[in-house]
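Single-structure report; data block below.
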Amino acid sequence: MFDSYTQNLQDQIGQLSKLLGAQTAQPTQAANQYDCVDGLEGARSYLGKMLASTKHIVWDNQQPVFYVLQKDANGTPARIQICKFEIELEPTMEEKYVTREDFNALSKKLDQLLKKGEKVNA
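With this note's numbering, letter number 117 in the sequence shown gets 221, and the count goes up by one each step, no holes.
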């Protein structure tokens with residue numbers, strides 16, 4: 105289940121990471137590699153490994169959720185933010201535009217309805 109989310113959402117999570125000021129565990133990693141955990145307990149465990157004054161985003165392997173983890177300057181963990189997401193794909197060309205046949209059929213129906221309306225009002 106996680107693999108189907110990974111391909112479509114890694115860029116979005118990367119953008120969110122930049123907006124939240126999250127730091128990656130290894131800055132030399134490729135931009136679309138993320139750490140994964142097993143549920144909320146895995147996120148709590150990961151939080152224990154983080155340094156003070158850091159923020160990090162981790163994926164949940166089991167469900168469409170990611171966690172924003174943060175520690176303050178004293179190394180005290182802040183509340184874990186749990187973020188749910190849905191896959192939203194860009195529409196295909198067929199979904200964006202009507203075909204000429206569909207347009208002509210709709211135009212014909214509209215003309216028929218207008219003609220009926222003129223006969224009723226006359």
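Glycine included, each C-beta is placed from N, C-alpha and C at the ideal position.
**Study point:** Length of the line joining the Cα atoms of D176 and E194
**Key:** 38 Å
Check your understanding: If you compare alpha carbons, which of E198, Q167, S211 and T158 is closest to Q174?
Key -> That would be T158, whose Cα lies nearest to the Cα of Q174.
Exercise for review: Return the first residue and the last residue of the alpha helix (DSSP H) that Y150 is part of.
Suggested key: Y150 -> alpha helix (DSSP H) spans G143 to K153.
Review point. Any idea what DSSP makes of Q166, helix, strand or coil?
Key: coil
Practice item. Answer with buried or exposed for L242, where buried requires no fewer than 16 other C-beta atoms within 10 angstroms of its C-beta. Key: The requested residue 242 does not occur in the structure, where the chain is confined to residues 105 to 226.
Check your understanding: How big is the Cα-Cα spacing for F189 and G146?
Key -> 19 Å
Practice item. Write down the C-beta distance between N165 and C140 rounded to the nearest angstrom, noting that I regard them as a contact closer than 8 Å. Key: 5 Å
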